[in-house]
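The sequence shown maps to residues 8 to 213 in my numbering.
Glycine is no exception: its CB is placed at the ideal position from the N, C-alpha and C atoms.
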Amino acid sequence: MITVALLWLGHVNYMDGFEFMNDFFNMRSFFKEYVFKSSVSSESNDKFLFINTSRNNELLPYDNDNTINTVITDRAVLASKLKILNENQDKVKFVICDIFFESPSADKIADSLLQAEIKKLTAANKFVMPGFYNDVEKELVKPVFAGATGLSQYRSSFLNVQFLKYSLFLYGDMPQMPLIALQSMKNSKMQKKKCGIINYYTYNGR
């Protein structure tokens, strides 16, 4: 049984195990809903606020550094939204800003305003934004703004055809943004451990 479990884990994690895992979860959901007549209920009373920035964009014009016009998030509008959250920190548990700030905008004042709001939320331990791990250069590419940074990447099945899984850690011990948010809100810590050739993780030392 242990051998079968290890082979299955290896298949799912290191090869194209999406199809089998997808079928497994589909069958599990089918039996729970239609055979056992059970449903997943949430006891959480937490509320979530999603801010759509897709309608608030600006143009980063081409120049010597940018060979084409690039559409980026309107930094001034985003700064004003984060300012509201900063002014109501007692009501906000955490802010996951899933926008990769690759380059400065053409508006230096807007960038300064946004940086100030990011620093305030980071100092309160209530903010994270994504960095990006470059597989070619083998390095973490950080955003242009200073602040708490995590990964926002996921593994896909063979040839990137379908989504496979969203891991808490990637590339060894680099944490994903949801894990950083959890650790902050729960004042907890997940750590990578090793027993021989087997990697495992502990949560609050357990």
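{"Query": "DSSP beta-bridge partners of residue 200", "Result": "207"}
{"Query": "Local conformation of residue 183 per DSSP, three classes", "Result": "strand"}
{"Query": "The region 184–199 touching the region 132–140, judged by at least three CB pairs closer than 8 Å", "Result": "yes"}
{"Query": "Rounded straight-line distance, which links the Cα of residue 141 to that of residue 66", "Result": "25 Å"}
{"Query": "Residue range of the alpha helix (DSSP H) that includes residue 91", "Result": "82–94"}
{"Query": "Cβ-based neighbour list, residue 127, same chain, cut-off 6 Å, excluding 5 preceding and 5 following", "Result": "93"}
{"Query": "Cβ-based neighbour list, residue 88, same chain, cut-off 7 Å, excluding 5 preceding and 5 following", "Result": "58"}
{"Query": "Cβ contact (3+ pairs, closer than 8 Å) linking the region 197–212 and the region 173–185", "Result": "yes"}
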